[in-house]
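Residue numbers (our numbering), protein chains in the order written: chain A, 6 to 464; chain B, 5 to 449.
Glycine residues also receive a C-beta, built at the ideal position from the N, C-alpha and C atoms.
Here the structure comes first, spelled out in structure tokens, and everything after it is commentary.
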Ligand SMILES: Cc1cc2nc3c(=O)[nH]c(=O)nc-3n(C[C@H](O)[C@H](O)[C@H](O)COP(=O)(O)OP(=O)(O)OC[C@H]3O[C@@H](n4cnc5c(N)ncnc54)[C@H](O)[C@@H]3O)c2cc1C
Ligand SMILES: Cc1cc2nc3c(=O)[nH]c(=O)nc-3n(C[C@H](O)[C@H](O)[C@H](O)COP(=O)(O)O)c2cc1C
Ligand code: SF4
Ligand code: SF4
Ligand code: SF4
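Okay, here's the thing in structure tokens:
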């Protein structure tokens, strides 16, 4: 059985699944219950300055009948008094010595304010501190949260104030509401961060109610932007993680990264691990289904690791990173074409319409006798047997540019394969090509001449 | 034997078999549809409803648009959603059959159409008046469909119906488990709302009646359906209940419905199963008597299985020869065993009686449901016939000028069904419209 335990910047946990700082980690009683369900750790709901939360706070994204693909929240940090939180943190840590208990904090950008809270956190016996530079609403207007996270200098300074006075590992939680995620990451490292975590929520307006014509969530007739999280944000989180992990300075620092943003299943978790995260945080999925989901996360990840022969989390971590690349390093000579397996095809013709309307018009409908036909039907013919005489989609491979649209729309697994075919051209990347012949990047004539030379015909 | 009154009934015994979909069920099911391009379900539907489009509209919450997509192609979309043999048509052609379960097209269709019809939403308007007048005879699916299409095209339509209620067999013949009467009456009202002058209790009987109609109208569409259950010519037949009448009573006159305790139903088509189901739901022990075997039955497979599930017994290779009575009371059905021989004209093996195999099925009620009589009116009107049905060409024209026909009364080929009748109504309306438009141009030219 795979060993799921982790040592994350000195914070130990029996498994990498931590509850993110959010409603699931709002109180001692909750975290106690979560730990009973098997969570490896919890980042306490952010504590700090006095706040008053508002009603109501969450908007949900639903697509095609599927609920809560994302949450958008206009929630602030913990609205429970500081001393209550601190007392409960201490109790939880005492009862669960083997689990990671991390305290998320956010105070005014002032060294004394940080000094005060850090001392209080240390007194609880917690395993680490996470600095919340993320909240996109409410706190940023008060000069905290994203107001710090979006300004690298502030990020460095605040981090430094904390790291210089505590013995606890300090995790800096990054906001995605920024153009270059590596900038605040560098600042955090310069400020002495022991670890990074990402992503906090993304600025968003969730939706407008078509009955009331109001922004959702509707707070007494008004609405505001809020933080977006849940399954729908995963690709953004993965990209930011990949950007960090491919950054030389971040890699050289060796700080671990706690990944989050859209983790719902062990499969999502494995993807974050493969891009280099070594602890994982979950919020929306727990809010949707409760703490019990961790059971399959642990079980599924463990079974997958066994099947793949990974003994520890550190064997998985970063396994997909070597493939991350830039466009300029991709092979321009690589050629793939779509190939349809007629035995699997159910004749929905979605590939046909996709390629015909929005790709390169290279899928034909071919009748049983091998003749190419147009879509359409005989109005006198009806009955279920019409399904047996439907023409088959066939790719004209010579015209296929290999965009893979059809393979993406095909509803049948493995029915359309993107098959690599010899292009007959020498392997070359854009960077190499434009280094050899810079004019190709600036002149269409040069580009056309190059295409002609190597035999690329785009119809 | 004493006259048996029906046992107390469970109210649910006569509710529609399929409950309406909930909003969530409909959304989930609609989103399961792949939205196929050039979809086979669309082609398989005899009225070619744009199924992927109407389902997509349910998925996006555009129920009005969905209902319009359905009703534009099939004005009786509410009835068809309930009565169509979807396994043989749209659902049978769904691409998901090969992978998993087909989309529940019928139930989704019902969801969308009921949504607007229960709210009385009027989706269509009569077209600008053309000055042409068309008479439609018979208010079953074929007549209603033609009347609606003609009214939408701006023709003044008179719809004559010999019975008290409109709707044809949808009102009188389809058991409530499948379609409640309100649904078909709603469709009659929808046609009325398009300005069609619906006149019930108007029977067209003679050639003179037809000539009178032709004198006042530019064209006549005959959608008169078929007749009663034919006579079998066996002793005691006077005591046999007509299956159609039996079903009709169960729908529109339940007080008059008499159900025996042990009922023998003669026939094995869909009508026989319907009559048997009603008797069974009233608590009777029901045996269906059929002279061939399971493999020759005309009932759809799913109907047969439904009947078995209901607890209806089958007696195959059995030919009734005499109704046994004591006074006016039925006590049994005398039958003879059959053996299958060489194929007959229908291509099915022809059954022959096994001499000396007579036996009696004890019962107190015999219902016959062995089909419907051919339209006798056709002979009266002097129209050409095709195997006893009214003969029509591809444009639904009969042998008489300006007289068109469609629906069950022309169904010389293929199976008689509501959706085919609806499509006939559309064809006829299109042909009549074309004819009238052409004559108008000629008149102006
Ligand atoms: C018991 C039973 C169950 C059925 N179940 C199904 C089913 O589940 N699914 C399915 O698709 N089909 C079913 N059918 C078949 C379907 O009902 C018919 O195919 C369909 O109703 C035919 O429509 P129509 O308009 O041609 O005729 P009809 O529905 O028969 O309508 C004819 C109308 O014309 C009127 N009429 C007749 N003569 C005259 C006259 N001289 N003057 C004025 N009016 C006249 C009649 O009163 C009637 O209203 C069933 C049929 C029966 C008998
Ligand atoms: C309702 C809600 C409240 C949150 N509150 C906090 C918070 O107080 N502090 C914090 O650092 N992050 C907060 N977050 C962000 C989460 O910790 C997490 O970064 C984000 O939700 C992405 O993870 P997910 O996709 O698993 O939800 C909150 C998120 C939600 C949905
Ligand atoms: S890969 Fe793109 S171009 Fe090729 S067949 Fe598929 S959709 Fe068409
Ligand atoms: S999308 Fe897939 S299943 Fe559908 S027609 Fe194309 S190859 Fe066949
Ligand atoms: S064939 Fe099935 S999946 Fe395709 S559009 Fe029709 S109902 Fe939907």
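| Check | Outcome |
| --- | --- |
| Could you check which residue in 49/B, 117/B, 120/B has the C-alpha nearest to that of residue 95/B? | 49/B |
| How long is the line joining the alpha carbons of residue 8/B and residue 420/B, rounded to whole angstroms? | With a pLDDT of 40 at residue 8/B, under the threshold of 50, the predicted position of this residue should be treated as unreliable, and no value is reported. |
| Please decide whether residue 32/B counts as near chain A, where near means a Cβ-Cβ distance under 8 Å. | yes |
| Our contact map puts residue 64/A next to residue 226/A with C-beta atoms below 8 Å; I'd like the distance itself, whole angstroms only. | Not quite, the Cβ-Cβ distance comes to about 15 Å (not below 8 Å), so this is no contact. |
| Below 7 Å, is the gap between the Cβ of residue 321/A and the nearest heavy atom of ligand 2? | no |
| Under DSSP, the alpha helix (DSSP H) around residue 349/A begins and ends at which residues? | Unbroken run through residue 349/A: none, as it is neither H nor E. |
| Please give me, in chain order, every unbroken run of the beta strand (DSSP E) with length at least 3 that falls completely inside the segment 376 to 441 of chain A. | 397 to 400, 421 to 425 |
| Does the segment 291 to 298 of chain B come into contact with the segment 51 to 63 of chain B, if we say contact requires no fewer than three beta-carbon pairs (one atom in each stretch) closer than 8 Å? | no |
| Between which residues of its own chain and residue 35/B is the CB-CB distance below 6 Å, once the five residues before and five after are set aside? | 63 |
| Let's test the definition: count the other Cβ atoms within 10 Å of the Cβ of residue 381/B and tell me whether it reaches 16, buried, or not, exposed. | buried |
| Between residue 424/A and residue 297/A, is the Cβ-Cβ spacing less than 8 Å? | no |
| Go through its chain and collect everything with a Cβ distance to residue 357/A's Cβ below 7 Å, but skip five positions before and after it. | 368, 370, 398 |
| For chain B, find out if any of its Cβ atoms is closer than 8 Å to the Cβ of residue 203/A; answer yes or no. | no |
| Looking at the unbroken beta strand (DSSP E) that takes in residue 319/A, where does it start and where does it end? | Residue 319/A -> not in any beta strand (DSSP E); alpha helix (DSSP H) instead, spanning 318 to 321. |
| Entirely within the segment 193 to 258 of chain A and at least 4 residues each: give me those alpha helix (DSSP H) ranges in chain order. | 239 to 250, 253 to 258 |
| Is residue 12/B close to chain A? Criterion is C-beta to C-beta, closer than 8 Å. | Only weak support exists for where residue 12/B lies, its pLDDT of 45 falling under 50; the value from the coordinates is given anyway. Judged by the 8 Å Cβ criterion, residue 12/B is not in contact with chain A. |
| Quick check: the segment 399 to 408 of chain B against the segment 360 to 369 of chain B, are at least 3 beta-carbon pairs closer than 8 Å? | no |
| Can the beta-carbon of residue 342/B be found closer than 8 Å to that of residue 321/B? | yes |
| So, for residue 271/B: in the same chain, excluding its five sequence neighbours on each side, which residues have a beta-carbon less than 6 Å away from its beta-carbon? | 373, 374 |
| Please report how far the alpha carbon of residue 253/B lies from the alpha carbon of residue 247/B, in whole angstroms. | 10 Å |
| Let me know the secondary structure DSSP gives residue 7/B once reduced to three states. | In this prediction, residue 7/B has a pLDDT of 41, which is less than 50 and means its spatial position is unreliable; what the coordinates show is noted afterwards. Of the three classes helix, strand and coil, the one that applies to residue 7/B here is coil, per DSSP. |
| For residue 240/B, I'd like the list of residues in its chain whose CB is within less than 6 Å of its CB, leaving aside the five on either flank, ordered along the chain. | 326, 327, 329 |
| Would you identify the three-state DSSP class for residue 356/B, choosing helix, strand or coil? | strand |
| When the Cα of residue 259/A is compared with those of 238/A, 228/A, 281/A, which residue comes out closest? | 281/A |
| Using DSSP with H/G/I as helix, E/B as strand and the rest coil, what is residue 463/A? | coil |
| If we require 4 or more residues per run, which alpha helix (DSSP H) segments fall completely within the segment 270 to 299 of chain B? | 274 to 285 |
| Pick from 158/B, 288/B, 149/B: whose alpha carbon is nearest that of residue 172/B? | 149/B |
| Assuming residue 88/B and residue 45/B form a contact by the criterion Cβ under 8 Å, report the distance between their Cβ atoms to the nearest whole angstrom. | Contact doesn't hold; Cβ gap of about 12 Å is too wide. |
| Using a Cβ-Cβ cut-off of less than 7 Å, give me the residues of the segment 232 to 254 of chain A that come near chain B, in sequence order. | none |
| Taking the straight line between their C-alpha atoms, what separation do you get for residue 179/A and residue 216/A? | 37 Å |
| Does any heavy atom of ligand 3 sit closer than 7 Å to the C-beta of residue 461/A? | no |
| Please decide whether residue 42/B counts as near chain A, where near means a Cβ-Cβ distance under 8 Å. | yes |
| I'd like the ranges of any beta strand (DSSP E) spanning at least 3 consecutive residues and lying wholly in the segment 173 to 228 of chain B. | 201 to 203, 223 to 226 |
| Does any C-beta atom of chain B lie closer than 8 Å to the C-beta of residue 462/A? | no |
| State buried or exposed for residue 12/B, treating a residue as buried only when at least 16 other CB atoms are found within 10 Å of its CB. | Below a pLDDT of 50, predicted positions are generally treated as unreliable, and residue 12/B, at 45, falls in that range; no measurement from the model is reported. |
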